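Student:
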Amino acid sequence: MGKHRLFVAALLLGTLCCGAIALASVDLSAGIRYVSPSGTLADCSAKAKAAIEAYLPGATEAEAGSGEWMATAQNPATGAPSAAAAVRCYPLPKGYVATFLCSVQLPLNPYGASALCLDVAHKFYGGALTPLASMPSPTPVPSGCATTNLVGNWTSDDNPKLTFKMGLDGDVTDSDGVSGNWNIDGNKVTLTYYGNHTMTLSPDGKHLRGGGYSLTRQC
Amino acid sequence: MKAFRHRTVFLAAGLLAAVVPPLEAPAALDMALGAQKVVQNQPVSACNQAARTALTSVFGGAQEIGSGNTGEWQAYNAGDTANGVTQSAAVHCYPVGDGYVVTFTCAAQVPPSTDSAAALCSKISAAFDGKTSAMLPLTTSAGGR
Numbered sequence: 013m014g015k016h017r018l019f020v021a022a023l024l025l026g027t028l029c030c031g032a033i034a035l036a037s038v039d040l041s042a043g044i045r046y047v048s049p050s051g052t053l054a055d056c057s058a059k060a061k062a063a064i065e066a067y068l069p070g071a072t073e074a075e076a077g078s079g080e081w082m083a084t085a086q087n088p089a090t091g092a093p094s095a096a097a098a099v100r101c102y103p104l105p106k107g108y109v110a111t112f113l114c115s116v117q118l119p120l121n122p123y124g125a126s127a128l129c130l131d132v133a134h135k136f137y138g139g140a141l142t143p144l145a146s147m148p149s150p151t152p153v154p155s156g157c158a159t160t161n162l163v164g165n166w167t168s169d170d171n172p173k174l175t176f177k178m179g180l181d182g183d184v185t186d187s188d189g190v191s192g193n194w195n196i197d198g199n200k201v202t203l204t205y206y207g208n209h210t211m212t213l214s215p216d217g218k219h220l221r222g223g224g225y226s227l228t229r230q231c
Numbered sequence: 135m136k137a138f139r140h141r142t143v144f145l146a147a148g149l150l151a152a153v154v155p156p157l158e159a160p161a162a163l164d165m166a167l168g169a170q171k172v173v174q175n176q177p178v179s180a181c182n183q184a185a186r187t188a189l190t191s192v193f194g195g196a197q198e199i200g201s202g203n204t205g206e207w208q209a210y211n212a213g214d215t216a217n218g219v220t221q222s223a224a225v226h227c228y229p230v231g232d233g234y235v236v237t238f239t240c241a242a243q244v245p246p247s248t249d250s251a252a253a254l255c256s257k258i259s260a261a262f263d264g265k266t267s268a269m270l271p272l273t274t275s276a277g278g279r
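Just so you know, the protein sequences line up as chains A and B, in that order. Just so you know, the first sequence maps onto residues 13 to 231 in the numbering used here. Just so you know, the second sequence maps onto residues 135 to 279 in the numbering used here.
1) Classify Tyr-206/A as buried or exposed, calling it buried when 16 or more other Cβ atoms lie within 10 Å of its own Cβ.
2) DSSP on Asp-263/B, reduced to helix/strand/coil?
3) Could you name the residues of the same chain whose beta carbon sits closer than 6 Å to that of Phe-136/A, not counting the 5 residues immediately before and after it, in chain order?
4) Looking at the unbroken alpha helix (DSSP H) that takes in Ala-54/A, where does it start and where does it end?
5) Closer than 8 Å, Cβ to any Cβ of chain A: which residues of the stretch 201-226 of chain B, in chain order?
6) Rounding to the nearest angstrom, what Cα-Cα distance links Gln-86/A and Ala-209/B in this structure?
7) What do you get for Asn-171/A, buried or exposed, if any count of 16 or more other CB atoms within 10 angstroms of its CB means buried?
8) Among all the DSSP beta bridges, which residues are the ones paired with Thr-175/A?
9) By the three-class DSSP mapping on this structure, what secondary structure does Leu-190/B have?
10) Which residue wins for smallest C-alpha separation from Ala-188/B, given the options Phe-238/B, Ser-247/B, Ala-242/B and Ala-162/B?
11) To the nearest angstrom, how far is the alpha carbon of Pro-156/B from that of Pro-246/B?
12) Strictly below 9 Å CB to CB, what residues from chain B border Tyr-102/A?
13) Determine the extent of the beta strand (DSSP E) in which Lys-135/A is found, giving its start and end residues.
14) What are the start and end residues of the beta strand (DSSP E) that includes Ile-44/A?
15) At which residues does the beta strand (DSSP E) containing Cys-157/A begin and terminate?
16) Just the chain A side, please: which residues come within less than 8 Å of Ala-132/B by C-beta, in chain order?
17) Specify the secondary structure class of Val-178/B as computed by DSSP and reduced to three states.
18) If you scan the stretch 225-259 of chain B from start to end, which runs of the beta strand (DSSP E) of 3 or more residues do you find wholly inside it?
19) Excluding the 5 residues preceding and the 5 following Met-211/A in the sequence, name in chain order all residues of the same chain whose CB lies nearer than 7 Å to its CB.
20) If you draw a straight line from the C-alpha of Ile-196/A to the C-alpha of Asp-186/A, how long is it?
21) Rounded to whole angstroms, what is the Cα-Cα separation between Ser-191/B and Gly-200/B?
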């Protein structure tokens with residue numbers, strides 16, 4: 013029975029770890045080009061900046077006067093960029109040419125690169141605009157002594173100098189910088205830290221005991 | 135016997151934990167505007183040929199977007215079982231006067247891509263130059279970001 017639980021815990025840990033980094037993909041849209049028979053590079057630049065900023069904040073020009081504009085958007089759920097759009101203007105003897113390029117990270121981003129680029133392009137030269145889905149909200153960090161997770165700061169009852177910070181992603185780091193992982197199933201906890209330790213969480217979510225450790229959560 | 139079994143289980147679980155990759159920082163999308171170059175006295179077909187060759191040299195293949203001679207080329211790297219597409223690039227050719235203008239744009243997912251989008255664009259741009267230098271030197275060029 014104990015053997016079975018250990019293997020399940022180990023497999024769950026594996027699934028957690030691998031699932032967090034699997035199969036995110038880059039999606040690039042590069043097929044929209046607009047040729048204006050009139051207007052200057054400055055005109056193109058002004059429209060490019062406005063069109064990008066209708067969807068992504070803070071468009072910047074690669075070099076002043078280059079006519080090449082780009083912006084990225086942070087994904088609050090991951091804290092990293094998951095969408096970007098660019099408009100590249102080039103002056104012609106009469107008018108200018110503008111190319112529209114977008115990239116997103118799927119499935120983290122709530123809309124595809126083509127949808128983003130189509131809206132930016134239509135904002136630039138006119139056309140139907142389709143609302144894009146909102147970025148996801150950041151995952152709230154649990155607080156207090158929840159019995160469904162171990163997130164928070166823990167102190168060893170035997171050695172108060174030894175503390176642990178347990179994170180939302182199942183990561184744990186001790187006061188010396190040594191890292192490991194935690195997993196909880198009911199009130200049974202597997203702590204992977206210098207080997208695997210099977211522990212029990214108290215009903216108030218404040219104490220963790222077993223496997224040679226006794227910890228208390230600061231909550 | 136029982137103690138031996140438990141030791142084996144601990145060992146197996148420990149081994150599994152050891153080979154499981156650590157939780158990594160979330161992959162960030164990186165997009166770069168590569169170089170913009172103007173080539174005189176060359177038809178746009180030369181740009182198309184060089185674009186295709188440059189992208190193929192980096193990604194192993196390339197396709198022209200749309201139908202006909204659009205001059206818009208795109209390529210992706212091959213995904214694997216652990217990751218989807220992690221690098222992508224586009225090369226745009228457009229006729230200007232008696233030559234053409236070409237731009238390079240790249241996107242990468244870092245990590246797992248070890249190349250940034252800017253580094254990827256530099257590779258493709260260099261491969262493009264290698265192809266076109268056999269025909270005619272570039273007359274002007276401007277860096278991107």
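No residue lacks a Cβ here, since even glycine has one placed at the ideal position from N, Cα and C. Here the structure is a predicted model, which is why all the values come from computation and not from measurement.
Tutor: Well, looking at it:
1) exposed
2) helix
3) Lys-59 and Ala-63
4) 53-65
5) The stretch 201-226 of chain B vs chain A, Cβ under 8 Å: Thr-204, Glu-206, Gln-208, Tyr-210, Gly-213, Ala-216, Asn-217, Gly-218, Val-219, Thr-220, Gln-221, Ser-222, Ala-223, Ala-224 and His-226.
6) Straight-line Cα distance between these residues: approximately 25 Å.
7) exposed
8) Residue pairing from DSSP places Thr-175/A in a beta bridge opposite Thr-167/A.
9) Residue identity differs from the one stated: residue 190/B is Thr in this sequence, not Leu. The answer is helix: DSSP assigns Thr-190/B an H, G or I state.
10) Just measuring C-alpha positions, the residue of Phe-238/B, Ser-247/B, Ala-242/B and Ala-162/B sitting nearest Ala-188/B is Phe-238/B.
11) For Pro-156/B, the predicted model reports a pLDDT of 42, less than 50, meaning its position is unreliable and no value from the coordinates is stated.
12) Per Cβ cutoff of 9 Å: Gln-170, Val-172, Tyr-228, Val-230, Val-235 and Thr-237.
13) It is not in any beta strand (DSSP E) - Lys-135/A instead sits in the alpha helix (DSSP H) that spans 125-137.
14) 37-48
15) First-last for Cys-157/A: undefined, no H or E at that position.
16) Examination of residue 132/B is not possible in this model, given that chain B is present from 135 through 279 alone.
17) Here DSSP, grouped into helix, strand and coil, assigns Val-178/B to helix.
18) 233-244
19) Counting only Cβ-Cβ distances below 7 Å, and skipping sequence neighbours, we find Val-201, Leu-203, Leu-220, Arg-221, Gly-222, Gly-223 and Tyr-225.
20) Ile-196/A and Asp-186/A: Cα-Cα distance of roughly 18 Å.
21) 22 Å
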